[in-house]
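Start counting the sequence shown at 1; every next residue gets the next number (full-length UniProt numbering). Even for Gly, the Cβ is constructed at its ideal location relative to N, Cα and C. Below is one structure, written out as structure tokens, with a few remarks after it.
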Amino acid sequence: EGDKAKCNFCKTVLKFNQSSTTNLIRHIRSKHVTVDLSKRRRPNDDLDEENIDDPSPMSTQNPSTSISMDRQCLPAIAPLALVHQPTRSQQQQISNFLHKPVAAYKRQAIDQQVIRMIVKEYYPFSIVEDKEFKKLINMLNPGYSLPSRKTLSVSLLPILYNKIYNEVKLDIEVNAHYVSLTTDAWTSLKNENYMAVTVHFIDMSCQLKSYVLQCTKFPERHTSENIKNCLQNTIKNRGLKNKVAACTTDNAANITEAIRLCNWRHISCFSHSLNLVIQSSLQEINVTREKVKSIVEYFKRSTVASEKLNQMQQQLGYTPIRSMIQDVVTRWNSTFFMFQRFLELKTPLLSAIADLNRDNNLTSNDWEIIAKSCDILKRFNEITIEMSSEKSVTISKTVLFSQALCNYCNKLKSQHQTLPEIKNFINKLSEQVNNRFSQAEKQILLAEAIFLDPPLSEPISVEMNKEDSIWNEFDSEVSEIIQSRDPTALIITEVDKYIQEPLIPRTEDPLKWWNENKNIYSTLFEIMKRRLCAQASSVPSERVFSKGGQIVTEKRSRLTNTRLTFPTEYPVKQFSPDPLEGGFHKPRNRGTLIPSKAP
Numbered sequence: 001e002g003d004k005a006k007c008n009f010c011k012t013v014l015k016f017n018q019s020s021t022t023n024l025i026r027h028i029r030s031k032h033v034t035v036d037l038s039k040r041r042r043p044n045d046d047l048d049e050e051n052i053d054d055p056s057p058m059s060t061q062n063p064s065t066s067i068s069m070d071r072q073c074l075p076a077i078a079p080l081a082l083v084h085q086p087t088r089s090q091q092q093q094i095s096n097f098l099h100k101p102v103a104a105y106k107r108q109a110i111d112q113q114v115i116r117m118i119v120k121e122y123y124p125f126s127i128v129e130d131k132e133f134k135k136l137i138n139m140l141n142p143g144y145s146l147p148s149r150k151t152l153s154v155s156l157l158p159i160l161y162n163k164i165y166n167e168v169k170l171d172i173e174v175n176a177h178y179v180s181l182t183t184d185a186w187t188s189l190k191n192e193n194y195m196a197v198t199v200h201f202i203d204m205s206c207q208l209k210s211y212v213l214q215c216t217k218f219p220e221r222h223t224s225e226n227i228k229n230c231l232q233n234t235i236k237n238r239g240l241k242n243k244v245a246a247c248t249t250d251n252a253a254n255i256t257e258a259i260r261l262c263n264w265r266h267i268s269c270f271s272h273s274l275n276l277v278i279q280s281s282l283q284e285i286n287v288t289r290e291k292v293k294s295i296v297e298y299f300k301r302s303t304v305a306s307e308k309l310n311q312m313q314q315q316l317g318y319t320p321i322r323s324m325i326q327d328v329v330t331r332w333n334s335t336f337f338m339f340q341r342f343l344e345l346k347t348p349l350l351s352a353i354a355d356l357n358r359d360n361n362l363t364s365n366d367w368e369i370i371a372k373s374c375d376i377l378k379r380f381n382e383i384t385i386e387m388s389s390e391k392s393v394t395i396s397k398t399v400l401f402s403q404a405l406c407n408y409c410n411k412l413k414s415q416h417q418t419l420p421e422i423k424n425f426i427n428k429l430s431e432q433v434n435n436r437f438s439q440a441e442k443q444i445l446l447a448e449a450i451f452l453d454p455p456l457s458e459p460i461s462v463e464m465n466k467e468d469s470i471w472n473e474f475d476s477e478v479s480e481i482i483q484s485r486d487p488t489a490l491i492i493t494e495v496d497k498y499i500q501e502p503l504i505p506r507t508e509d510p511l512k513w514w515n516e517n518k519n520i521y522s523t524l525f526e527i528m529k530r531r532l533c534a535q536a537s538s539v540p541s542e543r544v545f546s547k548g549g550q551i552v553t554e555k556r557s558r559l560t561n562t563r564l565t566f567p568t569e570y571p572v573k574q575f576s577p578d579p580l581e582g583g584f585h586k587p588r589n590r591g592t593l594i595p596s597k598a599p
């Protein structure tokens, strides 16, 4: 009709005077406040702002025609039709002013991610009450409300636990035909004892998998009987009673006896043995080590000294700026890293000491001892890293590296040494290495592992009595796998063919080779899964407590032991080898442990 117009936004019909559009403008400004009429005018509009209220002469000449009226209204109403096409700098969307509630499925997904973040990154539950964190979440999604601490603890954490627990349980039930274990103990900041058990197995696709089977409070005395009961209950509850091929632990008498009582094969932790060897040998250069520790502690303790060292590095063009490394009494490789960094920073360090007017009690012999010991320990560190992996086969390398260490120490002994401290250090290393590692090749399980590792499967020079022959055990296991055929003839044929296979390069994964040839050597494949799943060191369970130390931090020390369970695939982040003293010798606090280098 001639005196009515419909709003393009709300479809309201409005009356207006044919000579003025003020009523329409008033409606837009009162009902649609986000529309800026002054900025929505197109450059080629015929009317200016001033004659919206004052009609032009043309409009007054034909007041009765609707066409004329529509033309008058166009400049004022046209911007309303263009509101859905605003320019970024001029117009905000109405949705920017509205906080739409998050859909239920989306809220649940965010809740699950929040609890995963807390669990995996070691945050306390109280982070959801942190003001800045709440601001961040509100900026990212104003419609989402964080769950409370109680909801996290009582609801979301058990849901996540049960989900991952069931996934791990299913994987173990379906794929773990044979497993190996590692175990260790730890004391938290709350002075509570915990015991960890990790499980390792090779599935049908030849993937070596590792899980934390248990990490629970262990209030009893660490007697062999109590440890045995705990281990057997764990295995029984997980349905692994007849599947344990071996268990790797430190050399403590109580845990060794517990494994014997369980009637499992026991593997002494390679890294633990190596730690004992080197810790004992380092006493021969302890005078120099104490001098270095004293200087490192000074630069760690004094902010003035630390800043001076940084300035000297900058002046000498060192990039990046590095700090000193403090050794830890339980980790031999921390002494190696301390010496290594000390040598790297020798020039700026001496300059800083001189500027600070501090006595330098290091002699030229001390610097030579540091350099020589670093060269010697470098080989041991490489082996430790190699043997502490849980993503690759390690058990078959035990004999190889044991022989390599013995040969290396004998070679060092044959070299002329001018410093008596280094000579004594080498002699002690050689003595300890030969005592602990020279008999490794006589262990049947290790010999079998070598044979089943294609890069290493050369003829085995193992001296054994006939009753201890490697083939006797092979034949007995094969007879269990193949019931309907002659096991002796079959195993001989299969072994003969396997021996003729060319060795694969050392850098290639033996499990990949087995995956490609499992149908050809089906009998040996079953035995391989029993042998190569074993771990050469108990570092996997040690790593649980490296993580556990971060889980039970000061901010999280109120966590009860019912919340401290580890059913997750492990580890989420790889830590450097951490060959500490045996956890079953005595309780120890590992709550402040950090990885020896950044993961």
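Beta-carbon proximity check, residue i vs residue j, cutoff 8 Å
i: SER334; j: SER306; result: no
i: LEU349; j: LEU309; result: yes
i: SER180; j: GLN443; result: no
i: ILE325; j: PHE337; result: yes
i: PRO219; j: ASN193; result: yes
i: ARG525; j: TRP514; result: The sequence given here places Phe at residue 525; Arg does not occur at that position. Result yes, Cβ atoms of PHE525 and TRP514 sit closer than 8 Å.
i: LEU274; j: THR384; result: yes
i: VAL212; j: THR198; result: yes
i: SER537; j: SER388; result: yes
i: VAL114; j: LEU146; result: yes
i: GLU284; j: LYS428; result: yes
i: CYS533; j: HIS272; result: no
i: ASN242; j: ASP203; result: no
i: GLU386; j: LYS397; result: yes
i: ALA196; j: GLN207; result: no
i: THR248; j: THR182; result: yes
i: ARG116; j: GLU129; result: no
Nearest-angstrom Cα separation, counted from residue j out to residue i
i: VAL572; j: TYR123; result: A caution first: VAL572 carries a pLDDT of 32, below 50, which makes its placement in the model too unreliable to give a value.
i: ARG530; j: GLY317; result: 54 Å
i: PRO540; j: VAL292; result: 31 Å
i: PHE339; j: ALA371; result: 8 Å
i: ALA81; j: LYS106; result: Caution is warranted here: a pLDDT of 40 is assigned to ALA81, below 50, making its placement in the model unreliable, and the coordinate value is therefore given only provisionally. Rounded to whole angstroms, ALA81 to LYS106 spans 34 Å at the Cα level.
i: ILE492; j: PRO420; result: 55 Å
i: LEU446; j: HIS266; result: 11 Å
i: LEU511; j: ALA185; result: 31 Å
i: ILE527; j: SER392; result: 17 Å
i: ASN17; j: ILE28; result: 16 Å
i: LYS31; j: LYS11; result: 12 Å
i: GLN403; j: ARG543; result: 27 Å
i: ALA78; j: ASP3; result: Note that ALA78 scores 42 on pLDDT, short of 50, meaning its location in the model is unreliable and no value can be drawn from it.
i: THR187; j: TYR178; result: 30 Å
i: ASN365; j: THR347; result: 17 Å
i: GLU569; j: VAL168; result: Low confidence applies to GLU569: its pLDDT is 39, below 50, so where it sits in the model is not reliable enough to give any reading.
i: ALA440; j: LYS190; result: 40 Å
i: HIS222; j: ASN254; result: 7 Å
i: ILE422; j: GLU494; result: 51 Å
i: VAL13; j: LYS100; result: 30 Å
i: GLN313; j: VAL328; result: 25 Å
i: THR216; j: LYS300; result: 36 Å
i: GLU390; j: ILE137; result: 37 Å
8 Å contact criterion, which residue i and residue j should meet: CB distance rounded
i: LEU412; j: ILE369; result: Not confirmed; about 14 Å, so no contact.
i: ILE400; j: PHE437; result: One point to set straight first is that residue 400 is Leu, not Ile, in the sequence displayed. In fact, because the Cβ distance is near 11 Å, the residues do not count as touching under 8 Å.
i: ASN23; j: LYS15; result: 7 Å
i: ALA449; j: ILE395; result: 5 Å
i: VAL102; j: TYR165; result: With a Cβ gap of about 28 Å, VAL102 and TYR165 do not count as contacting.
i: VAL244; j: TRP264; result: 5 Å
Proximity test, residue i beta-carbon vs the ligand GDP heavy atom, cut-off 7 Å
i: LYS241; result: Of ligands this structure carries none, so the ligand GDP is not represented either.
Minimum length 3: unbroken beta strand (DSSP E) runs contained in the region 231-290: Given a length threshold of 3 residues, each whole run of the beta strand (DSSP E) inside the region 231-290 is given here in chain order: 244-249, 266-268.
Inside the region 90-155 only - alpha helix (DSSP H) runs reaching at least 4 residues: Counting only runs of 4 or more, we get 104-121, 131-140.
Start-end ranges of the alpha helix (DSSP H) lying completely within the region 316-346, minimum 4 residues: Here the runs fully enclosed are 332-344.
Any 3 or more C-beta pairs closer than 8 Å across the region 271-281 and the region 346-363: Fewer than three pairs of CB atoms, one per stretch, sit closer than 8 Å, so the region 271-281 makes no contact with the region 346-363.
Any 3 or more C-beta pairs closer than 8 Å across the region 253-266 and the region 225-232: Yes: at least three Cβ pairs fall under 8 Å.
Segments assigned alpha helix (DSSP H), at least 4 residues, entirely inside the region 181-223: Within the region 181-223, no complete alpha helix (DSSP H) run reaches 4 residues.
contact_flag[the region 118-133, the region 141-157] where n(CB pairs < 8 Å) is 3 or more: Result yes; three or more Cβ-Cβ pairs closer than 8 Å.
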